[in-house]
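J.:
Protein chains: 2
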Amino acid sequence: MSPSTEIAAGHEADAGETEAVTKNLVFTAAERLFALHGFQNVSVRDITAAAGVNLASVNYHFGSKDALLFDIFKRRTAELNRERAKMLHEANDRNEGAPPVREILAALLTPPLRWLAPDHERRISLQFLIRARSEGTDEIRTVLKTDVSHLRRFSDALLKARPDLSAEDVYWRLHFTLGMLHNNRFAEFDRLNVLSEGQTSEADVVALLERMLSFAEAGFAA
Amino acid sequence: MSPSTEIAAGHEADAGETEAVTKNLVFTAAERLFALHGFQNVSVRDITAAAGVNLASVNYHFGSKDALLFDIFKRRTAELNRERAKMLHEANDRNEGAPPVREILAALLTPPLRWLAPDHERRISLQFLIRARSEGTDEIRTVLKTDVSHLRRFSDALLKARPDLSAEDVYWRLHFTLGMLHNNRFAEFDRLNVLSEGQTSEADVVALLERMLSFAEAGFAA
DNA sequence: GTCTATATCGAGATAGAC
DNA sequence: GTCTATCTCGATATAGAC
Numbered sequence: 001m002s003p004s005t006e007i008a009a010g011h012e013a014d015a016g017e018t019e020a021v022t023k024n025l026v027f028t029a030a031e032r033l034f035a036l037h038g039f040q041n042v043s044v045r046d047i048t049a050a051a052g053v054n055l056a057s058v059n060y061h062f063g064s065k066d067a068l069l070f071d072i073f074k075r076r077t078a079e080l081n082r083e084r085a086k087m088l089h090e091a092n093d094r095n096e097g098a099p100p101v102r103e104i105l106a107a108l109l110t111p112p113l114r115w116l117a118p119d120h121e122r123r124i125s126l127q128f129l130i131r132a133r134s135e136g137t138d139e140i141r142t143v144l145k146t147d148v149s150h151l152r153r154f155s156d157a158l159l160k161a162r163p164d165l166s167a168e169d170v171y172w173r174l175h176f177t178l179g180m181l182h183n184n185r186f187a188e189f190d191r192l193n194v195l196s197e198g199q200t201s202e203a204d205v206v207a208l209l210e211r212m213l214s215f216a217e218a219g220f221a222a
Numbered sequence: 001m002s003p004s005t006e007i008a009a010g011h012e013a014d015a016g017e018t019e020a021v022t023k024n025l026v027f028t029a030a031e032r033l034f035a036l037h038g039f040q041n042v043s044v045r046d047i048t049a050a051a052g053v054n055l056a057s058v059n060y061h062f063g064s065k066d067a068l069l070f071d072i073f074k075r076r077t078a079e080l081n082r083e084r085a086k087m088l089h090e091a092n093d094r095n096e097g098a099p100p101v102r103e104i105l106a107a108l109l110t111p112p113l114r115w116l117a118p119d120h121e122r123r124i125s126l127q128f129l130i131r132a133r134s135e136g137t138d139e140i141r142t143v144l145k146t147d148v149s150h151l152r153r154f155s156d157a158l159l160k161a162r163p164d165l166s167a168e169d170v171y172w173r174l175h176f177t178l179g180m181l182h183n184n185r186f187a188e189f190d191r192l193n194v195l196s197e198g199q200t201s202e203a204d205v206v207a208l209l210e211r212m213l214s215f216a217e218a219g220f221a222a
């Protein structure tokens, strides 16, 4: 809200930097707690306690609990889609602007699956984003429904790669692929591991990516 | 739970039936509101107002708001899995106990997709169940993770149908298929319809089922 | 900028009359 | 069984001292 909140980083020390540190502590703690327990199950008190800052920090730095959630959502979404766009761009370069289905899907799925790796610093961010999709505020839901620009790049590429398919077919198959992706929640992995009696493990994300790509590519080829 | 709840409609009015009617009104209103707005965003006051009953009804008939949610979850889950088990049983009968992948998946996916039809009386129940999966109480999450008995019937059938695949492969592909299914939320359909600029429609559930089955079957064949 | 103390509100649950 | 009125709690947000 105040101008200083926007230019917190990159200034010289003292008062300004302390502010940035506190704000980051809140941001990180909130993201983690939201990802693990869900938005509605985490209070501002939980967040500030975990961050080791005072109760008023959330409202001071972000305006409200809702605005904090939206802030985290915006930043992580932008980050993820930047990685995806970069990979799609590279796939275009490698294939004279017309990459095959598998490379398009790889650009879509690889960034989030990288984030899922047990030691990746964005592991918790991915869980946050998956949760925010279904548990977020009205504002988040509106953005999710309205802003499909990042997806359009992928649907356009898929339409070009499979001109023999109807547009309807392509959109539905993209929808199915995204469904596979969004199901990568901690709770769903646990359930799968119970069902398979420990024969599955999501720790090897490279293998998981391969599995997902093969499944989705075959689905597109059908 | 009491016999009277099952025979609410079609009787003359007296004391016992009034109870059942009120309880059913609460149950139905709660299911609808939870499905549309999410568990945490609906208050007991919202429910009783929508049902046209007094505020105390929820606690009197169900014990608590949480218990009400769990009750709905239990009843609809049992209903859905009964339909699935019946279809799997029929597929077994048709195929000497060894149905092909597509018929197994059809038994898994057809009941929920039938429920999804615009005029189906269980349309809202399906949205409730999908939501409860990620937004439910701790008790629901525990059941979801612990009780996989209904899924085991399907994973066993799939293992038998594809003895050439490793068990790990089969479990993961079942997981992907369930991800496709769980992505069938109103909000996700809306998003898809925006992306496709109206070229997609989930109203034709028969067509949607065909699409999903073909995609998943191809994924299993990969 | 930070913190404590508190205002304010909305929620679930319940007591007790009918 | 049903209803009204109310208890009690936990939440967000904020005022005001430092």
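In order, the protein sequences belong to chains A and B. If you're matching positions, the first sequence starts at 1 in the UniProt record's numbering and goes up one per residue. If you're matching positions, the second sequence starts at 1 in the UniProt record's numbering and goes up one per residue. Cβ atoms here follow ideal geometry from the backbone N, Cα and C, with glycine treated the same way. Since we're looking at a predicted model, the values are computed, not measured.
1. Leaving out the 5 sequence neighbours to the left and right, which residues in its chain are closer than 8 Å to G179 (chain B) when beta-carbon positions are compared?
2. Using the rule of at least 16 other Cβ atoms within 10 Å of the residue's Cβ for burial, across every protein chain shown, is Q127 (chain A) buried or exposed?
3. How is E210 (chain A) classed by DSSP in three states: helix, strand or coil?
4. Which residues mark the beginning and the end of the alpha helix (DSSP H) in which N92 (chain B) is found?
5. With a cut-off of 8 Å, does the C-beta of H120 (chain B) fall near any C-beta of chain A?
6. Using a C-beta to C-beta distance shorter than 8 Å, which residues of chain B count as neighbours of A167 (chain A)?
7. Please report the straight-line C-alpha distance between D119 (chain A) and E210 (chain A), rounded to a whole angstrom.
8. Give me, in chain order, the residues of the same chain whose beta-carbon lies closer than 7 Å to that of H182 (chain A); leave out the 5 immediate sequence neighbours on both sides.
9. Round the Cβ separation of L192 (chain B) and R152 (chain A) to the nearest angstrom and send it over; I've been treating them as touching at under 8 Å.
10. R45 (chain B) and L36 (chain B) - do their beta-carbons sit closer together than 8 Å?
11. Roughly how many whole angstroms lie between the Cα atoms of A161 (chain A) and P99 (chain A)?
12. Taking all protein chains shown into account, decide if G198 (chain B) is buried (16 or more other Cβ within 10 angstroms of its Cβ) or exposed.
13. Mind checking whether L116 (chain B) and I104 (chain B) have CB atoms under 8 Å apart?
14. Would you mind telling me which residues of chain B sit closer than 9 Å to A221 (chain A), beta carbon to beta carbon, in chain order?
15. Does the Cβ of R153 (chain B) lie closer than 7 Å to at least one heavy atom of the ligand GDP?
16. With a threshold of 8 Å between beta carbons, is K145 (chain B) in contact with chain A?
17. Measure from the C-beta of D204 (chain B) to each C-beta in chain A and report whether the shortest distance is under 8 Å.
18. Restricting to Cα atoms, I'd like to know which of A:T77, A:E31, A:A20 is closest to L144 (chain A).
19. Assuming T110 (chain B) is part of the alpha helix (DSSP H), what are its boundary residues?
20. Would you say S64 (chain B) lies against chain A (beta-carbon separation less than 8 Å)?
21. Taking a cut of 8 Å between CB atoms, which residues from the segment 137-161 of chain B lie near chain A?
22. Which of the residues in the UniProt domain "HTH tetR-type" (20-80) of chain A, read from start to end, lie with their CB under 9 Å from any CB of chain B?
23. Taking buried to mean at least 16 other C-beta atoms within 10 Å of its own C-beta, is V206 (chain B) buried or exposed?
24. Would you mind telling me which residues of chain B sit closer than 9 Å to E135 (chain A), beta carbon to beta carbon, in chain order?
25. So, G219 (chain A) versus A107 (chain B), is the Cβ gap smaller than 8 Å?
26. Using beta carbons (cut-off 8 Å, strictly below), is L209 (chain A) in contact with chain B?
27. Quick check on F176 (chain A) - is its C-beta less than 8 Å from some C-beta in chain B?
28. Is M1 (chain A) helix, strand or coil by DSSP?
29. Could you tell me whether the Cβ of W115 (chain B) comes closer than 8 Å to any Cβ of chain A?
T.: So, to answer that:
1. Position 179 of the second sequence, counted from the first residue, corresponds to residue 179 (chain B). Once the five neighbours on either side are set aside, G179 (chain B) has no close Cβ partner at all.
2. Position 127 of the first sequence, counted from the first residue, corresponds to residue 127 (chain A). The residue is buried, with at least 16 neighbouring Cβ atoms inside 10 Å.
3. Mapped onto the first sequence, residue 210 (chain A) falls at position 210. Helix, per DSSP.
4. Taking the first residue of the second sequence as 1, we reach residue 92 (chain B) at position 92. Counting along the chain, the alpha helix (DSSP H) containing N92 (chain B) begins and ends at 65-94.
5. Sequence index remark: in the second sequence, residue 120 (chain B) carries index 120 (1-based). Not an interface residue.
6. In the first sequence, counting from the first residue as 1, residue 167 (chain A) sits at position 167. Within chain B, the residues near A167 (chain A) are S196, Q199.
7. Counting from 1 along the first sequence, the entry for residue 119 (chain A) is found at position 119. Counting from 1 along the first sequence, the entry for residue 210 (chain A) is found at position 210. Distance between the alpha carbons of D119 (chain A) and E210 (chain A): 19 Å.
8. Translated into positions along the first sequence, residue 182 (chain A) becomes position 182. Only I130, R133 meet the Cβ criterion.
9. If you number the second sequence from 1, residue 192 (chain B) lands on position 192. If you number the first sequence from 1, residue 152 (chain A) lands on position 152. About 12 Å; that fails the 8 Å criterion.
10. One-based indexing of the second sequence puts residue 36 (chain B) at position 36. One-based indexing of the second sequence puts residue 45 (chain B) at position 45. In this structure, R45 (chain B) does not lie closer than 8 Å to L36 (chain B) by Cβ.
11. Here residue 161 (chain A) refers to the residue found at position 161 of the first sequence. Here residue 99 (chain A) refers to the residue found at position 99 of the first sequence. For A161 (chain A) and P99 (chain A), the distance between alpha carbons rounds to 7 Å.
12. The residue you call residue 198 (chain B) lines up with position 198 of the second sequence. Result: exposed.
13. If you number the second sequence from 1, residue 116 (chain B) lands on position 116. If you number the second sequence from 1, residue 104 (chain B) lands on position 104. The answer is no: Cβ separation not under 8 Å.
14. For the purposes of this step, residue 221 (chain A) is identified with residue 221 of the first sequence, where counting begins at 1. Here the neighbours are A218, A222.
15. Questions concerning the ligand GDP fall outside what the structure shown contains, since it holds no ligand whatsoever.
16. Mapped onto the second sequence, residue 145 (chain B) falls at position 145. Judged by the 8 Å Cβ criterion, K145 (chain B) is in contact with chain A.
17. Reading the second sequence from its first residue, position 204 is the one you call residue 204 (chain B). Output row for D204 (chain B): interface = no.
18. The residue given as residue 144 (chain A) occupies position 144 in the first sequence. Ranking the options by Cα distance to L144 (chain A), first place goes to A:T77.
19. Residue 110 (chain B) sits at position 110 when you count from the first residue of the second sequence. Taken as a continuous stretch (DSSP letters only), the alpha helix (DSSP H) holding T110 (chain B) covers 101-115.
20. Along the second sequence, read from residue 1 onward, the residue named residue 64 (chain B) stands at position 64. No - not a single Cβ of chain A is within 8 Å of the one on S64 (chain B).
21. R141, L144, K145, T146, V148, L151, R152, S155
22. G38, F39, Q40, N41
23. Working through the second sequence from its first residue, we reach residue 206 (chain B) at position 206. Under this definition V206 (chain B) is an exposed residue.
24. One-based indexing of the first sequence puts residue 135 (chain A) at position 135. What E135 (chain A) touches in chain B: G38, Q40, S134, E135.
25. Along the first sequence, one-based indexing puts residue 219 (chain A) at 219. Along the second sequence, one-based indexing puts residue 107 (chain B) at 107. No. Outside cutoff.
26. Looking up residue 209 (chain A) in the first sequence gives position 209. Judged by the 8 Å Cβ criterion, L209 (chain A) is not in contact with chain B.
27. As a position in the first sequence, residue 176 (chain A) is number 176, starting the count at 1. Chain B, which has a Cβ nearer than 8 Å to the Cβ of F176 (chain A), makes this yes.
28. The residue labelled residue 1 (chain A) in the question sits at position 1 within the first sequence. In this predicted model, M1 (chain A) has a pLDDT of only 31, less than 50, meaning its place in the structure is not dependable; the value taken from the coordinates is given anyway. Note: M1 (chain A) maps to coil in three-state DSSP.
29. The residue labelled residue 115 (chain B) in the question sits at position 115 within the second sequence. Closer than 8 Å: no.
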